[in-house]
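The sequence shown: position 42 = 58 (the working numbering), numbered continuously.
The beta carbon of each residue, even a glycine, is placed where N, CA and C say it ideally should be.
Notes follow the structure.
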Amino acid sequence: MTSASSSGDSTWSGEMRGKEAMGRWLQRLVRAGLQNFAEQVIVAGPPWNMTIAMRGWDYVKAPDGRLVYENRYVLWGRMAWGQIKQYEAYEDTGKLKALDDYPASSGIAEPAA
17 MTSASSSGDS
27 TWSGEMRGKE
37 AMGRWLQRLV
47 RAGLQNFAEQ
57 VIVAGPPWNM
67 TIAMRGWDYV
77 KAPDGRLVYE
87 NRYVLWGRMA
97 WGQIKQYEAY
107 EDTGKLKALD
117 DYPASSGIAE
127 PAA
């Protein structure tokens, strides 16, 4: 089973289970225009039971170039044969609220159904 979780009380937090739920959540990140930059990736274990950790930063800019969101993150997860099976995201959840406050007309303020 594929699952992901992120803490906090924004619409970007929560627990997603299954490929469809994960796909909707990831598509929302793409619609938001999230730019993600990994600074360090650590992988350990055999291909059937790998642990992966990634540290980096991400941001979203409005079409006019204004910075809407910027944050640092750590992802901690498990992979099997190149497929992500589970991961947790650790970020400043207070900053995630900036994406919720971004105007609904941007198409990203509301979670995908």
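Assigned secondary structure, residue i (DSSP; H/G/I helix, E/B strand, else coil)
{"i": "A37", "result": "helix"}
{"i": "D80", "result": "coil"}
{"i": "G110", "result": "helix"}
{"i": "L91", "result": "strand"}
{"i": "D117", "result": "helix"}
Contact check, residue i vs residue j, beta carbons under 8 Å
{"i": "I68", "j": "M95", "result": "yes"}
{"i": "Y103", "j": "L112", "result": "no"}
{"i": "Q43", "j": "D74", "result": "no"}
{"i": "A60", "j": "Y85", "result": "no"}
{"i": "Y89", "j": "E107", "result": "yes"}
{"i": "G72", "j": "F53", "result": "yes"}
{"i": "P63", "j": "W97", "result": "yes"}
{"i": "V76", "j": "A105", "result": "no"}
Buried or exposed by the 16-neighbour rule on C-beta atoms within 10 Å, applied to residue i
{"i": "N87", "result": "buried"}
{"i": "L83", "result": "exposed"}
{"i": "E55", "result": "exposed"}
{"i": "W28", "result": "buried"}
{"i": "A78", "result": "exposed"}
{"i": "V46", "result": "exposed"}
Nearest-angstrom Cβ-Cβ length linking residue i and residue j, presumed shorter than 8 Å
{"i": "G110", "j": "I100", "result": "In fact, because the Cβ distance is near 26 Å, the residues do not count as touching under 8 Å."}
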